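Q: Respectively, the protein sequence lines represent chains L and F.
Residue 239 in the working numbering sits at position 239 of the first sequence, and the numbers go up by one each step.
In the working numbering, each residue carries its 1-based index in the second sequence increased by 413.
Built from N, CA and C at the ideal position, the CB exists for glycine as well.
Small disclaimer: the values here were computed from a predicted structure and weren't measured.
There are 2 protein chains.
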Amino acid sequence: MATKSMLSSNSSSQINTIGPVFKFGGTSMGTIERIEHVAELCLKLKPSAVVVSAMSGETNRLVSLASEISNRIDVPEYDMLVASGEQVSVSLLSLALRKRGIEPCPMLAPTAGILTDSQFSRASILKVKGDAIKTALEKGQLPIIAGFQGVTEDGRLTSLGRGGSDTSAVAIAAGIGAKECIIYTDVDGVFTTDPRICKDARIIRTINYEEMLEMASQGSKVLHIRSVQLAAKWGIRLVVRNTFSNDEGTEMSTIDSPIEGEVVSGVAATQNEAWIQAGSSKNPKFNLANVFTILAQKGVNVDIITQSEHEGGMKINFTVSQPDAKLAMETLKNEFKDLKLILREDVSKISIVGVGMRTHAGVAARMFQTLAEQNIDILLVTTSEIKVGCLIPREKMNQAVQALHKEFISFSL
Amino acid sequence: MATKSMLSSNSSSQINTIGPVFKFGGTSMGTIERIEHVAELCLKLKPSAVVVSAMSGETNRLVSLASEISNRIDVPEYDMLVASGEQVSVSLLSLALRKRGIEPCPMLAPTAGILTDSQFSRASILKVKGDAIKTALEKGQLPIIAGFQGVTEDGRLTSLGRGGSDTSAVAIAAGIGAKECIIYTDVDGVFTTDPRICKDARIIRTINYEEMLEMASQGSKVLHIRSVQLAAKWGIRLVVRNTFSNDEGTEMSTIDSPIEGEVVSGVAATQNEAWIQAGSSKNPKFNLANVFTILAQKGVNVDIITQSEHEGGMKINFTVSQPDAKLAMETLKNEFKDLKLILREDVSKISIVGVGMRTHAGVAARMFQTLAEQNIDILLVTTSEIKVGCLIPREKMNQAVQALHKEFISFSL
């Protein structure tokens with residue numbers, strides 16, 4: 001009864017009593033045996049709420065059914081279809097918990113109050129109304145919530161796009177005032193680089209949010225990028241841990257440069273890049289603002305952007321993720337006449353990331369030098385305060401990762 | 414525009430403009446190819462709304478996943494699980510319609526306003542709030558609605574039990590003021606008896622609602638019994654038709670004895686019966702009212718009931734459907750001490766049905782005579798104005814169907 005009255009109050013000191021939100025990914029929910037294991041973990045570790053993904057393979061199965069009929073993914077029925085995968089996971093985990101004497105409160109997005117915009121298949125969470133979840137907590141129930149999905153203001157189901165369940169978990173933590181969100185997955189944490197590419201890769205124990213953001217956006221697939229942004233924004237302690245091991249995992253923190261003298265925390269690489277070159281000598285409307293406004297309206301995310309002169313006109317180079325490449329090309333073709341468009345899909349982006357870069361000069365130069373020694377062409381460059389990224393030919397990706405990891409990380413051990 | 418303004422009005426003469434509700438069963442939705450065929454049918458025949466079941470096999474797959482964890486089916490997560498099957502069907506048919514230029518409005522139970530009680534896994538529809546469906550119609554959209562599911566007043570998903578999609582379709586027709594509901598299935602209509610058991614079985618072109626009720630409840634699996642009750646109650650013209658043929662199907666009507674001189678319209682048989690005998694010589698609380706109130710509270714549906722003296726006390730015989738047998742036995746064992754309980758599961762019920770019986774004496778006698786000639790024991794008897802039903806040993810079921818069909822139907826051709 002004490003818990004009940006504390007939870008129903010809104011004073012901030014009492015909100016701190018809300019325990020962590022757990023999130024279990026598709027691999028963790030992949031079989032009945034694994035779901036039973038997840039239920040055991042919940043019984044032992046007592047989260048305040050659990051967010052789940054679809055059983056691994058299920059979303060692909062559903063998407064493949066849809067694609068036999070139509071390639072439309074910007075329509076409500078597509079989101080309704082894929083959302084069914086999480087619904088199954090929520091139900092099965094709830095059954096497994098009830099069997100263990102825990103009363104579950106199975107919740108889909110409309111009940112849990114996960115409001116999104118109406119960009120079907122790639123919706124963004126606007127708000128989590130935590131009321132229904134809190135009511136369940138007050139009743140002593142454990143809310144089991146479908147990740148990856150939301151609901152529009154007019155009641156239509158949406159999906160957040162791949163990996164969105166991480167974001168659901170963090171948004172729910174924020175919505176109910178939880179201070180911690182633990183993402184359970186099938187790896188031990190965030191690695192210095194992809195261990196399949198580089199055998200020297202090791203787990204990063206503590207990583208700065210900004211570094212994690214760069215790692216995530218640069219292709220480290222452990223966490224969905226938006227979940228890291230939200231965790232940083234809301235001050236939620238985010239931890240990545242392995243469902244199937246006792247490893248302590250990786251914890252995100254706000255501390256700058258956690259390990260003294262370590263300039264680069266990680267090497268990230270991404271394969272699904274596409275490089276578009278667009279040039280026009282005539283069209284006065286063809287400028288940076290117009291081009292990227294139009295692409296944004298179509299929901300195309302652009303990464304690296306460069307601009308140069310082109311026969312008296314303009315030339316724009318940019319990269320998009322490969323699934324968006326065709327849409328980007330068509331959009332530009334329809335919008336601007338006489339555009340010279342080149343699409344190159346055999347490229348990768350490789351990045352070094354680290355808050356230590358802020359105080360260390362010459363890191364970019366060392367990266368270019370390392371790539372040059374390996375005879376790897378640099379097609380485009382992008383930099384931020386804590387990252388240097390290069391677009392390179394895809395067949396050189398593994399070679400580049402290994403060389404950069406050796407240069408910046410293995411030697412700093 | 415004319416249609417729009419007519420639909421948005423509420424006057425009864427204009428409500429008549431609402432076309433039929435179609436319902437497609439699991440076999441009709443069983444593959445992508447079949448879903449495309451269903452979309453073609455909708456394009457051609459222009460229903461006002463479409464209700465769909467899960468793809469055939471899908472509900473079984475989901476139930477089997479659940480049963481690996483737990484046998485609880487009286488919990489919200491069970492209903493949430495099985496409801497996902499219809500969600501997939503709604504989504505896929507919507508995609509197929511949109512591809513054909515029809516704008517679908519995919520709807521799950523909460524959006525469509527299908528309110529039920531909260532008897533999970535066997536919920537009853539209380540009401541269909543047709544507002545959202547009508548709004549979709551006014552916008553020129555075709556509502557595609559998940560059958561088999563509903564929502565409780567406090568927003569939890571429910572399922573109606575097997576075959577419930579027929580009931581969804583009729584309730585939705587009533588909710589939006591449609592006059593006709595066409596159930597598309599994988600057979601040409603309602604047969605005089607099971608054609609797999611009796612090769613002389615033929616399609617009944619017009620069947621009285623009460624006859625259909627008796628046929629449905631006696632094991633003719635073409636239509637869910639509650640859908641027939643609701644159609645009769647609301648005066649909705651109910652038609653059963655084959656998705657894959659041009660047969661005109663079977664139409665339910667209110668006309669008594671549609672075919673002159675035909676006393677028996679059909680022979681129905683059901684295999685999944687269980688026979689329970691309960692006797693007590695001591696317990697004063699053990700009486701008909703108490704026994705069947707307690708069983709009803711547990712949601713056990715009882716069919717045939719007989720009562721007799723038993724060693725100075727009482728003996729009650731009754732049948733339940735086999736899946737309920739264990740629950741019924743346990744309930745009685747817990748409630749009444751010193752009860753003698755016998756469960757027999759190797760029984761079948763066989764019934765002859767026809768509105769013509771009302772005016773023809775001696776039909777029951779002819780039935781008993783026919784069974785006696787076949788040396789088939791009659792274990793229990795149940796009668797209504799338009800039906801005579803007998804519980805018999807299961808191994809004699811096919812023999813009984815063939816003999817009764819020959820006696821009452823084949824010869825009346």
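According to DSSP, is Gln-500(F) helix, strand or coil?
A: Stepping through the second sequence from its first residue, residue 500(F) is reached at position 87. If DSSP states are grouped into helix, strand and coil, Gln-500(F) belongs with the helices.
Q: Our contact map puts Gly-299(L) next to Gln-149(L) with C-beta atoms below 8 angstroms; I'd like the distance itself, whole angstroms only.
A: Counting from one through the first sequence, the residue named residue 299(L) turns up at place 299. Counting from one through the first sequence, the residue named residue 149(L) turns up at place 149. So it is not a contact: roughly 18 angstroms between Cβ atoms.
Q: For Lys-800(F), would you say it is in contact with chain L, using Cβ-to-Cβ distances shorter than 8 angstroms as the test?
A: As a position in the second sequence, residue 800(F) is number 387, starting the count at 1. False, the Cβ-Cβ gap to chain L never drops below 8 angstroms.
Q: Reducing DSSP to helix, strand and coil, say where Glu-516(F) ends up.
A: As a position in the second sequence, residue 516(F) is number 103, starting the count at 1. In this structure, Glu-516(F) counts as coil in the three-state DSSP scheme.
Q: What alpha helix (DSSP H) runs, 4 residues minimum, are completely inside the segment 426–477 of chain F?
A: Taking only runs of at least 4 residues, the alpha helix (DSSP H) segments lying wholly in the segment 426–477 of chain F are 445–458.
Q: Name the residues in the segment 67–83 of chain L whose C-beta lies less than 8 angstroms from a C-beta of chain F; which are they?
A: Under the 8 angstroms Cβ criterion, the segment 67–83 of chain L contributes Glu-68, Ile-69, Ser-70, Arg-72, Val-75, Pro-76, Glu-77, Tyr-78, Met-80, Leu-81 and Ala-83.
Q: Rounded to a whole number of angstroms, what is the C-alpha to C-alpha distance between Met-770(F) and Leu-478(F)?
A: Working through the second sequence from its first residue, we reach residue 770(F) at position 357. Working through the second sequence from its first residue, we reach residue 478(F) at position 65. If I take the Cα positions, the gap works out to 46 angstroms.
Q: Here's a check: name, in chain order, each residue in its chain whose Cβ is nearer than 7 angstroms to the Cβ of Thr-306(L), leaving out the five neighbours to either side.
A: Residue 306(L) sits at position 306 when you count from the first residue of the first sequence. Excluding sequence neighbours, Thr-306(L) sits near Asn-317 and Leu-380.
Q: So, helix, strand or coil for Thr-193(L), using DSSP?
A: For the purposes of this step, residue 193(L) is identified with residue 193 of the first sequence, where counting begins at 1. Residue state, collapsed to three classes: coil.
Q: Cutting at 8 angstroms between CB atoms, please list the residues of its own chain near Gln-374(L), excluding the five before and the five after it.
A: Here residue 374(L) corresponds to residue number 374 of the first sequence, with the count starting at 1. The residues are Lys-396, Gln-399, Ala-400 and Ala-403.
Q: Would Met-442(F) and Met-468(F) qualify as a contact pair, given that the criterion is a beta-carbon distance under 8 angstroms?
A: Against the second sequence, residue 442(F) aligns to sequence position 29. Against the second sequence, residue 468(F) aligns to sequence position 55. Closer than 8 angstroms, so yes.
Q: Give me the subset of the segment 89–102 of chain L whose CB atoms are less than 7 angstroms from a CB atom of chain F, sorted by chain position.
A: Here the close residues are Val-90, Ser-91, Leu-92, Ser-94, Leu-95, Ala-96, Arg-98 and Lys-99.
Q: Check the DSSP bridge columns for Ser-384(L) and list the partner residues they point to.
A: Position 384 of the first sequence holds residue 384(L). Ser-384(L) pairs with Lys-387(L).
Q: Within 10 angstroms of its Cβ, does Asn-208(L) collect 16 or more other Cβ (buried), or is it exposed?
A: Position 208 of the first sequence holds residue 208(L). So Asn-208(L) ends up on the buried side.
Q: Mind checking the segment 575–588 of chain F against chain L and listing, in chain order, the residues whose C-beta falls within less than 9 angstroms of any C-beta there?
A: Taking 9 angstroms as the Cβ-Cβ cut-off against chain L, none of the residues of the segment 575–588 of chain F qualify.
Q: Tell me the rounded alpha-carbon separation between Leu-826(F) and Thr-795(F).
A: By 1-based counting over the second sequence, the position of residue 826(F) is 413. By 1-based counting over the second sequence, the position of residue 795(F) is 382. Reliability of the predicted coordinates at Leu-826(F) is poor, the pLDDT of 42 falling under 50, and the value obtained from them is presented with this limitation in mind. Their backbone Cα atoms lie some 27 angstroms apart in a straight line.
Q: When you compare only the Cα positions, how much space is there between Gly-140(L) and Cys-42(L)?
A: Residue 140(L) sits at position 140 when you count from the first residue of the first sequence. Residue 42(L) sits at position 42 when you count from the first residue of the first sequence. About 14 angstroms.
Q: Which same chain residues, not among the five before or five after Gln-642(F), have their C-beta less than 7 angstroms away from its C-beta?
A: Here residue 642(F) refers to the residue found at position 229 when the second sequence is read from its first residue. If we look at Gln-642(F) and ignore the five residues flanking it on each side, its Cβ neighbours are Leu-626.
Q: Does the beta-carbon of Leu-126(L) have 16 or more other beta-carbons within 10 angstroms, so that it is buried, or is it exposed?
A: Within the first sequence, numbered from 1, the residue matching residue 126(L) stands at position 126. With fewer than 16 other Cβ atoms within 10 Å, it is exposed.
Q: Using a Cβ-Cβ cut-off of less than 8 angstroms, list which residues of the segment 426–459 of chain F approach chain L; keep chain order.
A: From the segment 426–459 of chain F, only Ile-445, Ile-448 and Glu-449 have a Cβ closer than 8 angstroms to chain L.
Q: Kindly list the residues whose CB is nearer than 8 angstroms to the CB of Ile-392(L), restricted to its own chain and excluding five residues on each side of it in sequence; keep chain order.
A: Walking along the first sequence from the start, residue 392(L) turns up at place 392. Once the five neighbours on either side are set aside, the close Cβ partners of Ile-392(L) are Val-347, Ser-348, Lys-349, Ile-350, Leu-371, Ile-376, Asp-377, Ile-378, Leu-379 and Ala-400.
Q: Answer with buried or exposed for Val-38(L), where buried requires no fewer than 16 other C-beta atoms within 10 angstroms of its C-beta.
A: Here residue 38(L) is taken as the residue at index 38 of the first sequence, counted from 1. The residue is buried, with at least 16 neighbouring Cβ atoms inside 10 Å.
Q: In chain L, what lies closer than 8 angstroms to Thr-524(F) by C-beta?
A: Along the second sequence, one-based indexing puts residue 524(F) at 111. Correct list: Gly-155 and Arg-156.
Q: Using the three-state DSSP reduction, which class does Glu-309(L) fall into: helix, strand or coil?
A: Along the first sequence, read from residue 1 onward, the residue named residue 309(L) stands at position 309. Note: Glu-309(L) maps to strand in three-state DSSP.
Q: Anyone know if the C-beta pair for Leu-555(F) and Cys-518(F) falls short of 8 angstroms?
A: Looking up residue 555(F) in the second sequence gives position 142. Looking up residue 518(F) in the second sequence gives position 105. Cβ distance < 8 angstroms, so Leu-555(F) and Cys-518(F) count as in contact.
Q: Let me know if Leu-510(F) comes out buried or exposed under the rule of 16 or more other beta-carbons within 10 Å of its beta-carbon.
A: Start at 1 with the first residue of the second sequence, and residue 510(F) comes out as number 97. Label assigned to Leu-510(F): buried.
Q: Considering only the alpha carbon of each residue, which of Arg-196(L), Gly-130(L), Lys-233(L) and Ser-168(L) lies closest to Ile-183(L)?
A: For the purposes of this step, residue 183(L) is taken as the residue at position 183 of the first sequence. It is Ser-168(L) whose Cα lies nearest to the Cα of Ile-183(L).
Q: Roughly how many whole angstroms lie between the Cα atoms of Ala-778(F) and Leu-756(F)?
A: As a working mapping, residue 778(F) is identified with position 365 in the second sequence. As a working mapping, residue 756(F) is identified with position 343 in the second sequence. When rounded, the distance between both Cα atoms is 28 angstroms.
Q: Pick out whichever of Lys-457(F), Glu-449(F), Thr-472(F) and Val-465(F) has its Cα sitting closest to the Cα of Glu-68(L).
A: Counted from its first residue, the first sequence places residue 68(L) at position 68. When only C-alpha atoms are compared, the closest one is Glu-449(F).
Q: For Leu-93(L) and Ile-144(L), which I take to be in contact (beta-carbon distance under 8 angstroms), what is that distance rounded to the nearest angstrom?
A: Here residue 93(L) corresponds to residue number 93 of the first sequence, with the count starting at 1. Here residue 144(L) corresponds to residue number 144 of the first sequence, with the count starting at 1. Contact flag correct, Cβ pair sits at about 5 angstroms.
Q: Any idea what DSSP makes of Arg-757(F), helix, strand or coil?
A: The residue given as residue 757(F) occupies position 344 in the second sequence. Reduced to three states, the DSSP call for Arg-757(F) is strand.
Q: Near Ser-823(F), which residues of its chain fall below 6 angstroms by C-beta distance, leaving aside the five closest residues on each side in sequence?
A: Your numbering for residue 823(F) matches position 410 in the second sequence. These residues qualify, in order along the chain: Asp-613.
Q: How far does the beta strand (DSSP E) with Gly-279(L) in it reach, from first residue to last?
A: By one-based count along the first sequence, residue 279(L) stands at place 279. It spans 266–280 - the beta strand (DSSP E) in which Gly-279(L) sits, taken as one unbroken run.
Q: Which residues in chain F have a C-beta closer than 7 angstroms to the C-beta of Pro-414(L)? List them in chain order.
A: Because chain L spans 1 through 413 in this model, residue 414(L) falls outside it and cannot be assessed.
Q: Could you name the residues of chain F that Leu-65(L) contacts, counting a contact when the two beta carbons are closer than 7 angstroms?
A: Numbered from its first residue, the first sequence carries residue 65(L) at position 65. Within 7 angstroms Cβ-Cβ: Ile-445 and Leu-505.
Q: Rounding to the nearest angstrom, what Cα-Cα distance links Glu-516(F) and Arg-807(F) in this structure?
A: If you number the second sequence from 1, residue 516(F) lands on position 103. If you number the second sequence from 1, residue 807(F) lands on position 394. The alpha-carbon atoms of Glu-516(F) and Arg-807(F) are separated by roughly 50 angstroms.
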